[in-house]
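Quick mapping for you: the protein sequence lines, in order, are chains A and B. Counting along the first sequence from 1, when you hit position 373 you're at 372 in numbering that gives the first Met the number 0, and nothing is skipped either side. Counting along the second sequence from 1, when you hit position 173 you're at 172 in numbering that gives the first Met the number 0, and nothing is skipped either side. We put the CB at the ideal spot given by N, CA and C, even for glycine. Owing to the predicted nature of the structure, the values given are computational and were not obtained by experimental measurement. To start, the structure itself, in structure tokens.
2 protein chains.
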Amino acid sequence: MATQAAFAVRFPQLARPSRGQGQPAPAPARVAVRGVGRAAAAAARGVRCRAGGLIEPDGGRLVELVAPEEGGRRAALRREAAALPHRVRLGRVDTEWLHVLSEGWASPLRGFMRETEFLQALHFNAVRGADGSLVNMSVPIVLALDDAQRRAIQASAATSVALVDAHDRPVAVLRDIEIYKHNKEERIARTWGTTARGLPYVEEAITNAGDWLIGGDLEVIEPIKYNDGLDQYRLSPAQLREEFARRNADAVFAFQLRNPVHNGHALLMTDTRRRLLEMGYKNPVLLLHPLGGFTKADDVPLSVRMKQHEKVLEEGVLNPESTVVAIFPSPMHYAGPTEVQWHAKARINAGANFYIVGRDPAGMGHPTEKRDLYDADHGKKVLSMAPGLERLNILPFKVAAYDTKHNKMNFFDPSRKEDFLFISGTKMRSLAKNRESPPDGFMCPGGWKVLVEYYDSLAPPEGSSKLREAVAA
Amino acid sequence: MATQAAFAVRFPQLARPSRGQGQPAPAPARVAVRGVGRAAAAAARGVRCRAGGLIEPDGGRLVELVAPEEGGRRAALRREAAALPHRVRLGRVDTEWLHVLSEGWASPLRGFMRETEFLQALHFNAVRGADGSLVNMSVPIVLALDDAQRRAIQASAATSVALVDAHDRPVAVLRDIEIYKHNKEERIARTWGTTARGLPYVEEAITNAGDWLIGGDLEVIEPIKYNDGLDQYRLSPAQLREEFARRNADAVFAFQLRNPVHNGHALLMTDTRRRLLEMGYKNPVLLLHPLGGFTKADDVPLSVRMKQHEKVLEEGVLNPESTVVAIFPSPMHYAGPTEVQWHAKARINAGANFYIVGRDPAGMGHPTEKRDLYDADHGKKVLSMAPGLERLNILPFKVAAYDTKHNKMNFFDPSRKEDFLFISGTKMRSLAKNRESPPDGFMCPGGWKVLVEYYDSLAPPEGSSKLREAVAA
């Protein structure tokens, strides 16, 4: 079998820009993005996305499911939704997925999954497109329904339902619906590779959800907004593509993170740009793309992370000329090798053709055993072999650590390993929690201050013995 | 998304024989099957398999890993194995997998899986071949190692190990070995979609297995034999292909079963042949292919099932002219939609281009809950969407039941459902166990006698109250 060879072969692609991407991007043509089928009206809004030299979205065209502002479509849809007899209320995570679907991060999906899509995601981490080719899709994007709702909808033979927010306001219409069983045990086992209690996403969005799933085609009334002061960072894939084209990017490399950014990350991103320039790209642009949806309770909240990202750019740790900071609206599964594929696939739809992957991506500790849930190398391996991601260049994360000899973050050099200090996300949080300063050059001063202030707002500093434990850990 | 359409589109393939298969098969050319790489010597045995009009094996050529009889290769291999410092002892299920691998049922696999293959099987149910295309491979075919063995092998930096049987006799050499972690929880969750205790294969072959897996390229000393009086039924994929070519088959339809065969099955097989003839095939041949490896304790043993199959042919329930009965050497996972892909894929390698799939294939009751482990329709759906099985025509199983109006097995007619009696495998076993006669025409008399004799050999008849429960169930 040549699978090992296939794995090794992925990275040499980097030796040279692929077909035409080495040339400066041509003046970006304005391309209308049109939907197909029933939701066409929602997507046919003319100029939204420029082609430039960017990677094609999955399925060939970017799905957009928000009704256009002009032409009265939103008002008509609002009236239609208000008149529908069945309303399904969206929880927090449901709304995040609706947001994800509405902007085409999950292209070519046009709504919450029907059973065939759900089964393909669970078994194959990929769904078959209209032309028979496989598109990566590793996590189920589904909407649960309880038994009473299921019976009521099926009794009325309804084909559409209204989706409403916490205040019962219509948000979208789901059409051509299909209702099928939500086998939670099977979904959890196949997505996480465990059924242990304590998986954050499971507890948030599955355990108490209904025993049925409803799929269909979505038409969303208006763009999803959170009004939390961060909406300006929530760029859609179409907006990101437009921005990359405006900057004449001939390569886009995406960096997903859910933790505060430090100088080790910055070193890696800067070094990646250098490598891409060496390969012949003229203008590689970084998509610095913190995840904005549901995260577990002990992760640093989005608002704090975004402030901290602003400082990193203000203080020149990253070059704003070649960096786009935006929020990825997806909720976090913490499903390791399964989820990292989703993180990568969604960024293709936003125009990224390079994806930086680190150690244990989307991983966490096992909820009931004293070990990591996933092998630290599996994410990278699975990502590089995943069906439907062949077009994406996977950039393995070089390990950065604090170099005590040069007092800065540096790539780990095994020949002088005694000089390096590893500061994990957990350790970083412990330091900030205890108002300890990290070593000089670990994080820019403004970014560190944001973190310390966050922990100040939570509780008084912890005792010094705990601090020592944390640093020793 | 067009996945629903893609699913619906599979069956219309049946409307007409595909490329050239409608024509009578040309006089079969004799084709040498050659291996590649290190085990080439094992496979380069010249004439073994005829091409005929048969479907190509996965990966383009049938893998065969048994050393050739001529040329002294077996003796040399036996000496080599005897001299190797590390020996891994094969359990019953390991030997069955070795058998499966050695004959190319799992083509293009050339040995127990290395980690990249294992991860692809778990996450994608498919592995990528040398040309980048996906080949279906839904169950891990792996060999476990305990920690002491792992340490000893790694300490010696050995690159080959001998595989030995229960009496320490060398059976094969595994070369270019790779040792990696056996995360049992993750393997079980991703393969079965549950981690509930009581899964038969897990208890037989995983729970007490080592925490490491060893993969590599196999070279097997001689064909695996069981000396149980049934070896003549254990035809390899190459032998089956030769047989189909000899019969000038222009279509081969496979029927997998692990239960006694009854007239409902026979009706289905006969009807399938009729449909294939109607489509224009001139000589469709049935591969009646009971599974011969590990099965759970309450399944009917292979020896009894084979005797019963013989009766079915002797009594003319199936036509021996257009039927090949052989044993499929794989062990049974009872992993439903995941496993049915393996059952189908292996039959492609044996030359089958049609696969009959029923309700809840490879399913069983949930080991700890009062429900079936899998949705009865998922197997058929997953199979028809599975990557790497696009070439296989999936024939959905029509439901047969006992027609009390015509006193025979018949296809279920929902317009007169009150006329039909469903006799499940469980019910059939209960009847036989209790020496009850089934309705006339349910099974041929000789076949029924074999079953009753088997239960006689186990224990005296059960009480009549139990019988009534069973029939009512």
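Cβ atoms of residue j and residue i: under 8 angstroms apart, would you say?
i: residue 200 (chain A); j: residue 324 (chain A); result: no
i: residue 138 (chain B); j: residue 337 (chain B); result: yes
i: residue 237 (chain A); j: residue 194 (chain B); result: no
i: residue 106 (chain B); j: residue 62 (chain B); result: yes
i: residue 234 (chain B); j: residue 252 (chain B); result: no
i: residue 265 (chain B); j: residue 311 (chain B); result: yes
i: residue 143 (chain A); j: residue 98 (chain A); result: no
i: residue 346 (chain B); j: residue 256 (chain B); result: no
i: residue 240 (chain B); j: residue 343 (chain B); result: no
i: residue 177 (chain B); j: residue 127 (chain B); result: no
i: residue 175 (chain A); j: residue 215 (chain A); result: yes
i: residue 444 (chain B); j: residue 135 (chain B); result: no
i: residue 331 (chain B); j: residue 119 (chain A); result: no
For residue i, count neighbouring Cβ atoms within 10 angstroms of its own Cβ and tell me buried if that reaches 16, exposed if not.
i: residue 470 (chain B); result: For residue 470 (chain B), the predicted model reports a pLDDT of 39, less than 50, meaning its position is unreliable; a value from the coordinates is still stated below. Exposed is the call here.
i: residue 380 (chain B); result: buried
i: residue 70 (chain B); result: exposed
i: residue 123 (chain B); result: buried
i: residue 457 (chain B); result: exposed
i: residue 248 (chain B); result: buried
i: residue 436 (chain A); result: exposed
i: residue 378 (chain A); result: buried
i: residue 318 (chain A); result: exposed
i: residue 203 (chain A); result: buried
i: residue 226 (chain A); result: exposed
Is the shortest distance between the beta-carbon of residue i and the beta-carbons of chain A less than 8 angstroms?
i: residue 184 (chain B); result: yes
i: residue 100 (chain B); result: no
i: residue 181 (chain B); result: no
i: residue 217 (chain B); result: no
i: residue 174 (chain B); result: no
i: residue 358 (chain B); result: no
i: residue 440 (chain B); result: no
i: residue 374 (chain B); result: yes
i: residue 377 (chain B); result: yes
How about residue i: is its C-beta nearer than 8 angstroms to some C-beta of chain B?
i: residue 366 (chain A); result: no
i: residue 434 (chain A); result: no
i: residue 275 (chain A); result: no
i: residue 381 (chain A); result: yes
i: residue 193 (chain A); result: yes
i: residue 336 (chain A); result: yes
i: residue 42 (chain A); result: Unreliable placement is indicated for residue 42 (chain A), whose pLDDT of 33 sits below 50; the coordinate value is still reported in the next sentence. Residue 42 (chain A) does not count as touching chain B.
i: residue 127 (chain A); result: yes
i: residue 60 (chain A); result: no
i: residue 53 (chain A); result: no
i: residue 196 (chain A); result: no
i: residue 133 (chain A); result: yes
i: residue 188 (chain A); result: yes
(request) Specify whether the segment 416-435 of chain B and the segment 287-294 of chain B touch according to this definition: at least 3 beta carbon pairs, one from each stretch, less than 8 angstroms apart. (result) These segments do not touch.
(request) Taking only beta carbons into account, state which residues of the segment 110-123 of chain B come closer than 9 angstroms to chain A, listed in chain order. (result) Listed by position, the residues of the segment 110-123 of chain B near chain A (Cβ gap below 9 angstroms) are 110, 112, 113, 114, 115, 116, 118, 119, 121, 122 and 123.
(message) So if I threshold CB-CB distances at 9 angstroms, which residues from the segment 143-172 of chain A count as touching chain B?
(response) Answer set for the segment 143-172 of chain A: empty.
(request) Would you check if there are 3 or more beta carbon pairs closer than 8 angstroms linking the segment 88-102 of chain B to the segment 163-180 of chain B? (result) Yes, the segment 88-102 of chain B touches the segment 163-180 of chain B.
(request) Report the residues of the segment 276-298 of chain A with a CB closer than 7 angstroms to any CB of chain B, ordered along the chain. (result) Along the segment 276-298 of chain A, there is no position whose C-beta sits under 7 angstroms from a C-beta of chain B.
(request) Report yes or no: do the segment 393-407 of chain B and the segment 256-270 of chain B share at least 3 C-beta pairs separated by less than 8 angstroms? (result) Put simply, the segment 393-407 of chain B touches the segment 256-270 of chain B. At least three CB pairs are less than 8 angstroms apart.
(message) Whether or not the segment 354-369 of chain B and the segment 403-423 of chain B are in contact is what I'm after, with contact meaning three or more pairs of Cβ atoms, one per stretch, closer than 8 angstroms; do they touch?
(response) Judged by Cβ distances under 8 angstroms, the segment 403-423 of chain B makes no contact with the segment 354-369 of chain B, as fewer than three pairs qualify.
(request) Give a yes or no on contact between the segment 140-150 of chain A and the segment 72-83 of chain A, applying the rule of three or more CB pairs nearer than 8 angstroms. (result) With the rule of 3 Cβ pairs closer than 8 angstroms, the segment 140-150 of chain A does not count as touching the segment 72-83 of chain A.
(message) Check whether the segment 211-223 of chain A and the segment 314-324 of chain A are in contact - that is, three or more C-beta pairs closer than 8 angstroms.
(response) Fewer than three Cβ pairs drawn from the segment 211-223 of chain A and the segment 314-324 of chain A lie within less than 8 angstroms of each other, which leaves the two stretches out of contact.
(request) Would you be able to state if there are at least three C-beta pairs under 8 angstroms between the segment 300-311 of chain A and the segment 209-217 of chain A? (result) When Cβ pairs closer than 8 angstroms are counted between the two stretches, the segment 209-217 of chain A is seen not to touch the segment 300-311 of chain A, the count staying below three.
(request) Could you list the residues in the segment 383-394 of chain B with a C-beta less than 8 angstroms from some C-beta on chain A, going in chain order? (result) Answer set for the segment 383-394 of chain B: 384, 385, 386 and 389.
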